[in-house]
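Just so you know, we're using my numbering here: the sequence shown kicks off at 15 and counts up by one.
Accompanying notes for the structure given below.
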Amino acid sequence: MTPAPEEAREALRARLLARLSHPDPGYQALLQDYPRRGGKMLRGLLTLYAGLAHGAPLEAALEAGVALELFQNWVLIHDDIEDGSLERRGRPALHRLHPMPLALNAGDALHAEMWGLLVGGLARGLWGREVLEEFYALVRRTAYGQHLDLSWTLSGRFDLTPEDYLFMVGEKAAYYTAVAPLRLGAFLGGKVPPSAYEAGGLKLGAAFQIVDDLLNLKATEAYGKEEAGDLYEGKRTLVLLAYLEGAPPEERERALSLLRLPREAKPAGEVAWLKERLLASSAFSKTEATARRLLEEGLALLKPHLEALSPEPARTLMGLLHALVERRA
């Protein structure tokens, strides 16, 4: 029987927290901090239902989902440090609550636990070597995408195209968000993943990130991250690139002068001005349309393959893939 998403989410969270238990209560609190803040556990759920849809045993699908959630949480800790982020899931980022070296080390510990779980699953016969190789691929690609994102900001580059953005996002976020769960599901079920899983998953994952960028500009309490944090951090988002391309020269220079400042030197009033300009611009609606187009194209590539899988988990999987883009927080 296929578990309901809420039941599956709680099972994933319980296993994740159990994996991060430790006799030192202070250390355990650091390791469990981000997982205890909630979150949709969307990537873990995608992995779980992709596995079940491909015929994997529930135990293998759950454990692989936990491994991807371990990845997600250690990457978020490191990402928040590298970006100087203030908030994560509605609370101060871990490095804002604790000395930065302790937060960094907590991320390293979660990284180690991810590999420990994967090696243990291999020893237990839950999966084969290809699952570990897929995790290596997703870590490697995410690191390169993060390098591009950070280097563009640190070097002050704005000569970027939409294609540059989509490539960066494909490496940094789309692969591990949408491609890897589908490929892992196939491997867990003893299948060879079709090439459409990467082609379609990259489109869905890019749409997810574009929507996240847009939500950052009109953040609600449910969003759980700093409103306009991308502007404070100088992120080269698709909506920002589209706005800069079409803005009047004086307005463009004003925006660029602001974006080139370090975070701590950015006046809140100027950030608010740029946020409002972005929200009011045609770039915002065009970027929303791009996200919808990528969603439709991605689903069209994936649908024939997903329809051939076990019906009940495949339906849930398809619903979760829709939820990547059709969300408000």
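For each residue, glycine too, the CB sits at the ideal point set by N, CA and C.
Bear in mind the structure is a predicted one, so any value in this text is a computation, not a measurement.
Asked, Found
"Rounded separation between Arg307 and Leu31 - CA only", "37 Å"
"Cβ neighbours of Leu258 in the same chain (closer than 6 Å, five flanking residues each side left out)", "Arg266"
"Cβ contact check for the stretch 198-210 and the stretch 64-84: 3 or more pairs under 8 Å", "yes"
"Spatial distance of Asp38 from Val285 (CA atoms)", "42 Å"
"Extent of the continuous alpha helix (DSSP H) run through Thr304", "Ser296 to Leu320"
"Nearest neighbour of Ala269, chosen from Leu323, Phe172 and Glu302 [CA to CA]", "Phe172"
"Whole-Å CB distance - Leu162 paired with Leu146, under 8 Å assumed", "Actually they do not touch by this definition, with Cβ atoms about 25 Å apart."
"For Glu177, the three-state DSSP class (helix, strand or coil)", "helix"
"Touch test, the stretch 179-192 against the stretch 220-228, Cβ-Cβ under 8 Å, three pairs minimum", "yes"
"Per DSSP, cross-strand counterpart(s) of Pro106", "Glu101"
"Meets three-Cβ-pair contact criterion under 8 Å: the stretch 41-56 and the stretch 71-91", "yes"
"C-beta contact flag for Leu45 and Ala123 at 7 Å", "yes"
"Rounded straight-line distance, which links the Cα of Pro263 to that of Asp94", "33 Å"
"Tyr175, buried or exposed, once every other Cβ within 10 Å from all chains shown has been counted against 16", "According to the sequence provided, residue 175 is Thr. The question's Tyr does not apply to it. It is exposed - the Cβ of Thr175 has fewer than 16 other Cβ atoms within 10 Å."
"Close-in-space but distant-in-sequence residues of the same chain around Ser35 (CB under 7 Å, 5 per side omitted)", "Gln42"
"Three-state secondary structure (DSSP) of Glu267", "helix"
"Expected contact under 8 Å - CB spacing of Glu247 and Gly98 to nearest Å", "7 Å"
"Coarse secondary structure for Phe172, derived from DSSP in three states", "coil"
"Under the three-state DSSP convention, the category Pro327 falls into", "helix"
"Beta-carbon proximity of Phe298 to Val253, cut-off 7 Å", "yes"
"Proximal residues to Glu127 (C-beta, below 6 Å), its chain only, five neighbours per side dropped", "Arg33 and Leu84"
"Burial state of Ala3, where buried means 16 or more other Cβ atoms lie within 10 Å", "Because the chain here runs from 15 to 343, residue 3 falls outside it and cannot be looked at."
"Distance between Asp244 and Asp227 (C-alpha atoms, nearest Å)", "8 Å"
"Nonlocal neighbours in the same chain, by C-beta distance under 7 Å from Thr16, ignoring five residues either side", "Leu66, Glu326, Pro327 and Thr330"
"Limits of the unbroken alpha helix (DSSP H) element including Lys217", "Ala210 to Leu231"
"Nearest to Leu72 (by Cα), restricted to the options Leu231, Gly135 and Pro49", "Gly135"
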